[in-house]
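Quick note: the sequence shown uses the working numbering, first residue 5, plus one each step.
All residues carry an ideal CB built from backbone N, CA and C; glycine is no exception.
In this text the structure is predicted, and so the values were computed from the model without any measurement.
All remarks here apply to the structure that follows.
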Amino acid sequence: MTATSIKPFDSAQDLADAPRVGGRQRPKDAATLILTRTGTTGAEVLMGRRAPGHVFMASKWVFPGGRIERADFTAAAGSDLAPAALRLLIHETDARRARALAMAAVRETFEETGLILGRPAPPASVVGPWREYRAAGALPDLSALTYVARAITPPGRTRRFDARFFLAPAEALLHPEPTAGSGELDEIAWLPLAEARALDLPAITRFVLDEIAAGRGGRDRPRPFVRMVRGRHLVSHD
């Protein structure tokens, strides 16, 4: 494993995205899903703009995602994580939590965009946060996910997350176009990579997007891990 500093402007942007407010919080496990497809002008990614008024990253363009829920540990899935993704995740956590992180990425994407990454299945009646997803007639397809990055929000922010970033192709979706979702994102769109990179992005979102644009998001590529150590942003690659 090697570690190098992120470019200084990235550190400054990260502080501007989420200024320090003091206090100590333990990061909460979270998961993000980067959906990609080939458009008329090349590669596209799905992104959404966070609604104004959010305490964390208001009006920023992001990938869908959110924190893990208790139900993500026990909800049914249509497939397991691919061996390469599981192997990377269990370097950091146990297999049960690794699966739950992948499930959270799928669930949060459905909640925020209406997109179903999954396999057709008979509609089922369940309680909790998976209720609408299962009622739509699907089971999550975890085998479609590639684990591509990890980032921990620096100390002192209003929210702190230990976020895992997953990548999946649009072909794994049951339908290709997003809906309004939960309303957490006030605009959702498939965007060419160049257009996406020109948006108002959090520093970590831009970093991961650049990794994808440079072709460093494959199953056999080293996974970047971004965090703050002794007041400095560091990125290591496993």
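Query: Residue nearest to residue 143 in terms of C-alpha spacing, selected from 126, 238, 72, 180; Result: 126
Query: Alpha carbon of residue 240 to alpha carbon of residue 212, nearest angstrom; Result: 13 Å
Query: Option nearest residue 89 by Cα separation, candidates 154, 193, 204, 164; Result: 154
Query: Contact set for residue 226: own chain, Cβ-Cβ below 7 Å, skip 5 residues either direction; Result: 241, 242
Query: Beta-carbon proximity check, residue 76 vs residue 47, cutoff 8 Å; Result: no
Query: Secondary structure of residue 182, DSSP reduced to three states; Result: coil
Query: Cβ-based burial, residue 235 [other Cβ within 10 Å; buried from 16]; Result: exposed
Query: Residue 177 to residue 145 span [Cα, whole Å]; Result: 9 Å
Query: Meets three-Cβ-pair contact criterion under 8 Å: the segment 180 to 189 and the segment 112 to 125; Result: yes
Query: Anticipated Cβ contact below 8 Å, residue 36 with residue 109, distance rounded; Result: 6 Å
Query: Residue 92 versus residue 232 - alpha carbon distance; Result: 21 Å
Query: Nearest neighbour of residue 219, chosen from 160, 229, 230, 197 [CA to CA]; Result: 197
Query: Run of the beta strand (DSSP E) containing residue 173, from where it starts to where it stops; Result: 165 to 173
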